[in-house]
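Some notes on the structure that comes next.
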Amino acid sequence: MNYEHYLVKDFLEDTAFRKWVQSPSAESNAFWQKFLDQHPQKSTEVAQARKFLLALDEHVSSGFVPEEQQKQVFRNIKTQLNQEDERPVRRFFPTWPYWSAAASIVLLLGFWFYGKQSDKSYSYQSNVIDSGRRLVEKVNNGGTPMSIVFADGSKVRLAPASRISFPEEFNAGDKREVFLSGEAFFDVAKNPERPFFVYSNELVTKVLGTSFNIKAYEQDQDITINVTSGKVAVSIAEDAKPAAGSTEGKVRDLLLLPNQQAVLSRKEAELVRSLVKEPVLVKANATHKDFVFVRTPVDEVFEKLKTDYSVQITYDAALFARCELTADLTAESLYEKLDVICKTIEATYKSEDGRIVVTGNGCN
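Counted the way our numbering counts, the sequence shown spans residues 3 to 366.
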């Protein structure tokens, strides 16, 4: 097949192309990625044809368009084709099987289907294709993490059953962009002039230099990112919408700090921030041996936790001004430390939006 000469309409007619879009396999993904690497000028046509077919799957086959309207569009298309001049090359739709008529609906209505932002679907493959760039793909089919070093010195540990695409070089003027399906831990080389972007389905992660983990398997309903060091800005792709309802009042952008995580509900198209399950020491040279307290004012204890774990702790300093702590907390996790502290000063705590909130009646 001379795919390098194809237009959008030709890709829509091609059986192999349709099969790849609607039922991709490792073999077909490799074939079309190689084609785009060799013919990057065709990326626009491929992306448009792919979007049309996805719109067909999501809308026409599900009855999104009323049957009578479909019939009318069919009649209009046939009329237009009958009025075209005969050409030596094959016509747009030489026959009228169901898929051809349905694809024509999409073409005639433009992006009436696909342009509805709430209906756009995101996947690893769509992100890669839409990038229009020549990329290298690494796939981890083994049972242990795969180590990868990018051209800028950034490192990634790719979890099993995961894949990632990235450029061989981050050329001057280009964004540092990679595309993930599955799970990976990133240690990004600092470059304040060139942010580093990770695209994982609907989630866009932007960093300058930090370490974090993303879990974004195609089949999962949630995408999770947790931060080990530095700051990470996460956002939902602009035209990713909830399955039902609007985006009004939903959190779609967050800034994450160490020991914080964000979970993206793909169904709700909303981000929720929280602390990670097991916060770790972040401050350089901090050790658990530093947590031995003897009649230490509790505000000093809280401040040490805040500094060493880089976690925000909110409390009424005046209310707890008389409280002291004597305890050896060298072996406890952050939450276990908080349990002991709060029990001692007769207070309670809760995790809320990535921070700790302590409440109580104070000490006499």
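Every residue gets a Cβ at the ideal spot worked out from N, C-alpha and C, and that includes glycine.
Measuring only the C-alpha atoms, how far is residue i from residue j?
{"i": "Val130", "j": "Asp241", "result": "17 Å"}
{"i": "Ser276", "j": "Gln262", "result": "6 Å"}
{"i": "Asn2", "j": "Val209", "result": "Examination of residue 2 is not possible in this model, given that the chain is present from 3 through 366 alone."}
{"i": "Val190", "j": "Ala239", "result": "21 Å"}
{"i": "Val360", "j": "Ile150", "result": "42 Å"}
{"i": "Pro147", "j": "Arg159", "result": "6 Å"}
{"i": "Ala18", "j": "Phe33", "result": "10 Å"}
{"i": "Val284", "j": "Lys308", "result": "10 Å"}
{"i": "Val313", "j": "Val48", "result": "46 Å"}
{"i": "Ala161", "j": "Lys306", "result": "34 Å"}
{"i": "Ala323", "j": "Leu273", "result": "36 Å"}
{"i": "His7", "j": "Val200", "result": "32 Å"}
{"i": "Ala51", "j": "Tyr219", "result": "25 Å"}
{"i": "Leu182", "j": "Lys352", "result": "33 Å"}
{"i": "Tyr337", "j": "Ile315", "result": "12 Å"}
{"i": "Arg89", "j": "Phe152", "result": "Any reading at Arg89 is ruled out, since the residue's pLDDT is 43, under 50, leaving its predicted position unreliable."}
{"i": "Ser125", "j": "Gly251", "result": "25 Å"}
{"i": "Asp154", "j": "Asn142", "result": "21 Å"}
{"i": "Ile2", "j": "Val206", "result": "An answer regarding residue 2 cannot be provided, because it is not within the stretch 3 to 366 covered by the chain."}
{"i": "Gly144", "j": "Ala186", "result": "14 Å"}
{"i": "Val229", "j": "Leu14", "result": "42 Å"}
{"i": "Asp121", "j": "Ser267", "result": "With a pLDDT of only 47 at Asp121, under the threshold of 50, the placement of this residue in the model should not be trusted, and no figure is reported."}
{"i": "Gly211", "j": "Lys233", "result": "8 Å"}
{"i": "Lys345", "j": "Ser248", "result": "43 Å"}
{"i": "Glu334", "j": "Arg254", "result": "35 Å"}
Could you please give me the residues that DSSP links to residue i through a beta bridge?
{"i": "Leu137", "result": "For Leu137, which the question treats as bridged, DSSP gives no partner whatsoever."}
{"i": "Arg275", "result": "Ala264"}
{"i": "Phe54", "result": "Beta-bridge pairing links Phe54 to no other residue."}
{"i": "Ala235", "result": "Lys208, Leu257"}
{"i": "Val229", "result": "Phe214"}
{"i": "Asp224", "result": "Ser267"}
{"i": "Asn142", "result": "Ser164"}
According to the Cβ coordinates, are residue i and residue j closer than 8 Å?
{"i": "Phe410", "j": "Phe214", "result": "An answer regarding residue 410 cannot be provided, because it is not within the stretch 3 to 366 covered by the chain."}
{"i": "Ser167", "j": "Glu204", "result": "no"}
{"i": "Cys365", "j": "Ile343", "result": "no"}
{"i": "Val300", "j": "Leu327", "result": "yes"}
{"i": "Leu259", "j": "Val236", "result": "no"}
{"i": "Arg178", "j": "Phe172", "result": "yes"}
{"i": "Lys243", "j": "Ala271", "result": "yes"}
{"i": "Trp134", "j": "Ala163", "result": "Before going further, note that residue 134 is Gly rather than Trp in the sequence given. Result no, Cβ atoms of Gly134 and Ala163 do not sit closer than 8 Å."}
{"i": "Ser231", "j": "Ile216", "result": "no"}
{"i": "Phe295", "j": "Lys339", "result": "no"}
{"i": "Pro169", "j": "Arg136", "result": "yes"}
{"i": "Leu367", "j": "Val10", "result": "Limits of the chain in this structure are 3 at one end and 366 at the other, which puts residue 367 out of reach."}
{"i": "Gln127", "j": "Asn193", "result": "no"}
{"i": "Asp310", "j": "Ala288", "result": "yes"}
{"i": "Gln223", "j": "Lys269", "result": "yes"}
{"i": "Leu38", "j": "Ser45", "result": "yes"}
Which stretch, first to last residue, makes up the beta strand (DSSP E) that contains residue i?
{"i": "Ala32", "result": "Counting along the chain, Ala32 falls outside any beta strand (DSSP E), though it belongs to the alpha helix (DSSP H) covering 28 to 40."}
{"i": "Arg357", "result": "357 to 362"}
{"i": "Val158", "result": "157 to 160"}
{"i": "Val151", "result": "148 to 151"}
{"i": "Phe168", "result": "164 to 168"}
For chain D, check one thing: does any of its Cβ atoms lie closer than 8 Å to the Cβ of residue i?
{"i": "Val229", "result": "No chain D appears in the structure shown, which is made up of a single protein chain."}
Tell me the residue span of the alpha helix (DSSP H) that contains residue i.
{"i": "Thr17", "result": "17 to 24"}
Ignoring anything shorter than 4 residues, give me the alpha helix (DSSP H) runs that lie fully in the stretch 284 to 355, in order along the chain. 300 to 311, 336 to 346
Completely contained beta strand (DSSP E) runs for the stretch 179 to 217, where each covers 3 or more residues: If we require 3 residues or more, the beta strand (DSSP E) runs fully inside the stretch 179 to 217 come out as 198 to 202, 205 to 209.
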